[in-house]
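Each remark here refers to the structure printed beneath this line.
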Amino acid sequence: MTLPVSPRNAAPLYGWLIERLSVYLGRHPDSIDASVPLAEYGLDSVGALSLCGDVEDDFAIPLEPAWVWDHSTVHDLVVHLAARGARPAAVVEVGGYEVG
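Below, the structure is given as structure tokens:
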């Protein structure tokens, strides 16, 4: 089942998620395709557990590590997080610099 998610709400989540995954995967963020299963990039159980911790810390949404495997792509993870109300801190451009 696909949950309805506003592109406006989902866009910041893509950036948030890809930024964190790039650290755990040791990859440049631009090299992560939102439609590729994370296991194909080499995400392991330690990375999945760390990602769940980030979600809990940043959004106060408790998750089990199995969640990462149940929603195995960036796109699927974003849809699930957005449907659960996750909203990254606003990023605002001030004088040509992003702050947030």
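This note's numbering applies: residue -16 is where the sequence shown begins, and numbers increase by one. Every residue gets a Cβ at the ideal spot worked out from N, C-alpha and C, and that includes glycine. This one's a predicted model, so the numbers in the text were calculated from it and none came from an experiment.
Asked, Found
"Have a look at -7, 51, 36 and 61 and flag the residue whose alpha-carbon is nearest the alpha-carbon of residue 26.", "51"
"Can you tell me the Cβ-Cβ gap for residue 0 and residue 61, rounded? I've got them flagged as a contact below 8 Å.", "6 Å"
"Let me know the alpha helix (DSSP H) ranges lying completely inside the region 23 to 54, each 4 residues or longer, listed in chain order.", "28 to 42 and 49 to 53"
"From the DSSP output, in three-state form, read off residue 3 for me.", "helix"
"Quick check on residue 59: does DSSP put it in helix, strand or coil?", "helix"
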